[in-house]
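Trainee: Input: one structure, supplied below.
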Amino acid sequence: MKAIAITRYGSPDVLKLEEIARPIPNQGEILIEVKAASVTAADTMMRKGIPWFGRLFMGLTKPKHRIAGTGFSGVVIATGKGVEKCSIGEEVFGESVLGAGTNAEFLCISEDGVLARKPSHLSHEQVASVCDGPLTSWNFLKEMANVKPGQQVMINGASGSLGTAAVQLAKHLGAKVTGVCSTDNIDLVRSLGADDVVDYTQTDPTKLSRQFDVIFDTVGKLSYAKSKNILAPTGTFLSPVLSVSLLFQMMWSSLFEKKKAKFSATGLKPIAELRDLLNELTDLLQRGKLRTIIDRTYHLTEAREAHQYVDSGRKKGNVVLSM
Numbered sequence: 119m120k121a122i123a124i125t126r127y128g129s130p131d132v133l134k135l136e137e138i139a140r141p142i143p144n145q146g147e148i149l150i151e152v153k154a155a156s157v158t159a160a161d162t163m164m165r166k167g168i169p170w171f172g173r174l175f176m177g178l179t180k181p182k183h184r185i186a187g188t189g190f191s192g193v194v195i196a197t198g199k200g201v202e203k204c205s206i207g208e209e210v211f212g213e214s215v216l217g218a219g220t221n222a223e224f225l226c227i228s229e230d231g232v233l234a235r236k237p238s239h240l241s242h243e244q245v246a247s248v249c250d251g252p253l254t255s256w257n258f259l260k261e262m263a264n265v266k267p268g269q270q271v272m273i274n275g276a277s278g279s280l281g282t283a284a285v286q287l288a289k290h291l292g293a294k295v296t297g298v299c300s301t302d303n304i305d306l307v308r309s310l311g312a313d314d315v316v317d318y319t320q321t322d323p324t325k326l327s328r329q330f331d332v333i334f335d336t337v338g339k340l341s342y343a344k345s346k347n348i349l350a351p352t353g354t355f356l357s358p359v360l361s362v363s364l365l366f367q368m369m370w371s372s373l374f375e376k377k378k379a380k381f382s383a384t385g386l387k388p389i390a391e392l393r394d395l396l397n398e399l400t401d402l403l404q405r406g407k408l409r410t411i412i413d414r415t416y417h418l419t420e421a422r423e424a425h426q427y428v429d430s431g432r433k434k435g436n437v438v439l440s441m
């Protein structure tokens with residue numbers, strides 16, 4: 119089968135299209151013919167080997183898992199012994215967590231993994247990235263911040279993969295949502311339900327005159343220190359991008375302040391918890407309460423170009439590889 123391998127840490131040039139053996143499902147595993155896979159900012163960070171301390175888990179000098187990608191959608195074509203929850207021919211989507219990469223024509227994954235049945239009215243491309251932006255944003259807003267109706271929520275990076283999902287999910291939870299994006303993306307963010315949109319090229323969002331119960335910095339461009347003045351007295355600053363400064367701010371705020379800075383590596387949560395969150399998102403997708411935004415679709419052989427585009431920082435919503 120064809121697959122995209124990461125030969126070493128570095129630029130998109132380290133990605134190589136290889137012909138490798140098709141995996142065989144072990145007991146409790148299913149074999150999926152991948153129809154679409156996501157290319158995310160997290161994928162490009164893993165390709166670069168950043169942050170550096172992440173290499174303790176990913177591999178010191180090169181990735182432990184050579185095949186790129188985590189999100190996928192496809193069709194079950196074979197099952198290992200003991201499989202009871204999935205059957206051949208079912209369309210499924212999900213995430214391969216710290217295991218086999220999804221930028222490949224075939225994938226083996228446990229039937230008890232981060233997996234759900236694909237809504238029939240959605241394409242494989244539309245759901246391949248659900249375990250990136252929507253799943254992460256759902257974890258931050260629902261589980262970590264416990265967003266409630268009527269609260270004021272700011273989404274920084276509202277036009278990206280996490281941001282486009284976060285605007286919709288915060289609205290679903292009943293919040294008043296302010297999206298922060300560039301001029302070109304204002305209409306997109308409004309179309310997702312944002313009550314207000316701030317153009318960061320014209321206005322510094324940390325200088326606004328109003329306060330927010332939750333600030334979700336989906337792109338790691340703000341800081342807790344600079345955002346404290348617009349946080350409500352017991353407000354929460356959330357970021358999925360860990361840095362040394364954020365780590366210090368988390369420790370300091372947890373001990374000495376009512377306002378809190380928080381981080382979570384969503385993909386490292388227990389599989390059962392991730393699956394529960396994914397099932398909740400699948401219900402929202404089924405009911406039309408959540409839609410995924412696809413910016414560009416590339417072929418598997420164009421993985422380098424896809425990574426280059428994500429690295430450019432111009433991505434709106436999600437980038438997908440189609441097989």
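Using this note's numbering, the final residue of the sequence shown is 441, and nothing's skipped along the way.
Ideal Cβ placement from N, Cα and C applies to all residues, glycine included.
All figures in this text were calculated on a predicted structure; none of them were measured in a lab.
Any idea what DSSP makes of S129, helix, strand or coil?
Mentor: Counting from 1 along the sequence shown, the entry for residue 129 is found at position 11. S129 falls in the coil class under three-state DSSP.
Trainee: Using DSSP with H/G/I as helix, E/B as strand and the rest coil, what is V356?
Mentor: Along the sequence shown, read from residue 1 onward, the residue named residue 356 stands at position 238. For clarity, residue 356 is Leu in the given sequence; the question names Val instead. Looking at L356 - three-state DSSP - the assignment turns out to be strand.
Trainee: Rounded to the nearest angstrom, what separates L403 and V285 at their Cα positions?
Mentor: Residue numbering aside, residue 403 sits at position 285 when the sequence shown is read from its first letter. Residue numbering aside, residue 285 sits at position 167 when the sequence shown is read from its first letter. If I take the Cα positions, the gap works out to 15 Å.
Trainee: I'd like the ranges of any beta strand (DSSP E) spanning at least 3 consecutive residues and lying wholly in the region 173 to 235.
Mentor: Here the runs fully enclosed are 189 to 197, 209 to 213, 224 to 228, 232 to 235.
Trainee: Indicate whether the contact test is met: 3 or more Cβ pairs, each with one atom in the region 323 to 336 and one in the region 350 to 365, closer than 8 Å.
Mentor: These segments touch.
Trainee: Given a threshold of 16 other Cβ atoms within 10 Å of its Cβ, counted over all protein chains shown, does K339 qualify as buried or as exposed?
Mentor: As a position in the sequence shown, residue 339 is number 221, starting the count at 1. Exposed is the call here.
Trainee: Cβ of D322 versus every heavy atom of the ligand PLP: is any distance shorter than 7 Å?
Mentor: The model depicted lacks the ligand PLP and carries no ligand whatsoever.
Trainee: Just verifying my parser: in three-state terms, what is the DSSP assignment at Q269?
Mentor: Within the sequence shown, the letter at position 151 stands for residue 269. In the structure shown, Q269 sits in coil (DSSP, three-state: anything other than H, G, I, E or B).
Trainee: Taking a contact to mean a Cβ-Cβ separation below 8 Å, would you say S214 touches F175 in this structure?
Mentor: Indexing the sequence shown from 1 puts residue 214 at position 96. Indexing the sequence shown from 1 puts residue 175 at position 57. Contact: no.
Trainee: Going by alpha carbons, who is nearest to P388 out of V316, N257, K182, A155?
Mentor: Taking the first residue of the sequence shown as position 1, residue 388 is located at position 270. Nearest option by C-alpha distance: N257.
Trainee: As a quick exercise: from T282, V271, T301, S300, pick the residue whose alpha carbon is nearest that of L291.
Mentor: Within the sequence shown, the letter at position 173 stands for residue 291. Per the Cα distances, V271.
Trainee: How many angstroms separate the CA atom of A276 from the CA atom of A288?
Mentor: As a working note, residue 276 is residue 158 in the sequence shown. As a working note, residue 288 is residue 170 in the sequence shown. Rounded to whole angstroms, A276 to A288 spans 11 Å at the Cα level.
Trainee: Taking three-plus beta-carbon pairs below 8 Å as touching, is the region 395 to 415 in contact with the region 137 to 145?
Mentor: Judged by Cβ distances under 8 Å, the region 395 to 415 makes no contact with the region 137 to 145, as fewer than three pairs qualify.
Trainee: Would you mind stating whether G212 and V232 have Cβ atoms separated by less than 8 Å?
Mentor: Along the sequence shown, one-based indexing puts residue 212 at 94. Along the sequence shown, one-based indexing puts residue 232 at 114. Yes; because the gap between Cβ atoms is below 8 Å, this pair is in contact.
Trainee: Taking all protein chains shown into account, do 16 or more other C-beta atoms lie within 10 angstroms of the C-beta of D322, making it buried, or fewer, making it exposed?
Mentor: Here residue 322 corresponds to residue number 204 of the sequence shown, with the count starting at 1. Under this definition D322 is an exposed residue.
Trainee: From the DSSP secondary-structure annotation, give me the bridge partner or partners of Q254.
Mentor: Looking up residue 254 in the sequence shown gives position 136. It should be pointed out that residue 254 corresponds to Thr in this sequence rather than to Gln. None, per the DSSP bridge assignment.
Trainee: With a threshold of 7 Å on Cβ separation, who are the neighbours of L280 within its own chain once the five nearest residues in sequence on each side are excluded?
Mentor: Here the question's residue 280 lines up with position 162 in the sequence shown. Within the same chain, L280 has close Cβ partners G251, T254, S255, T336, P358.
Trainee: What first and last residue would you give for the alpha helix (DSSP H) that runs through R432?
Mentor: Residue mapping note: residue 432 aligns to position 314 of the sequence shown, counting from 1. Premise fails: R432 is in no alpha helix (DSSP H) and is neither H nor E.
Trainee: Assign D394 to one of three DSSP states: helix, strand, or coil.
Mentor: Here residue 394 refers to the residue found at position 276 when the sequence shown is read from its first residue. It is helical.
Trainee: Return the chain-ordered list of same chain residues with a C-beta closer than 8 Å to the C-beta of P237, the five sequence neighbours on each side being excluded.
Mentor: In the sequence shown, counting from the first residue as 1, residue 237 sits at position 119. Taken in chain order, the residues that qualify are V245, T400, L403, Q404.
Trainee: Would you mind working out which of K378, R184, F366 sits nearest F334, comparing C-alpha positions?
Mentor: Position 216 of the sequence shown holds residue 334. Of the candidates K378, R184, F366, the one whose C-alpha sits nearest the C-alpha of F334 is K378.
Trainee: Can you give me the start and stop residues for the alpha helix (DSSP H) that V307 sits inside?
Mentor: On the sequence shown, residue 307 is found 189 positions in, with the first residue counted as 1. Here the alpha helix (DSSP H) through V307 covers 304 to 309.
Trainee: Using the C-alpha atoms, what's the distance from S241 back to G192?
Mentor: Against the sequence shown, residue 192 aligns to sequence position 74. Against the sequence shown, residue 241 aligns to sequence position 123. Approximately 10 Å between the Cα atoms of the pair.
Trainee: Could you have a look at G468 and say whether DSSP puts it in helix, strand or coil?
Mentor: Beyond the ends of the chain as shown, which are 119 and 441, falls residue 468; an answer cannot be given.
Trainee: R165 lies in the alpha helix (DSSP H); which residues open and close that run?
Mentor: As a working mapping, residue 165 is identified with position 47 in the sequence shown. Looking at the DSSP string, the run of the alpha helix (DSSP H) that includes R165 is 159 to 166.
Trainee: Return helix, strand or coil for L280, following the three-state DSSP convention.
Mentor: Counted from its first residue, the sequence shown places residue 280 at position 162. Three-state result, L280: helix.
Trainee: So, L386 versus I122, is the Cβ gap smaller than 8 Å?
Mentor: Taking the first residue of the sequence shown as position 1, residue 386 is located at position 268. Taking the first residue of the sequence shown as position 1, residue 122 is located at position 4. Contact: no.
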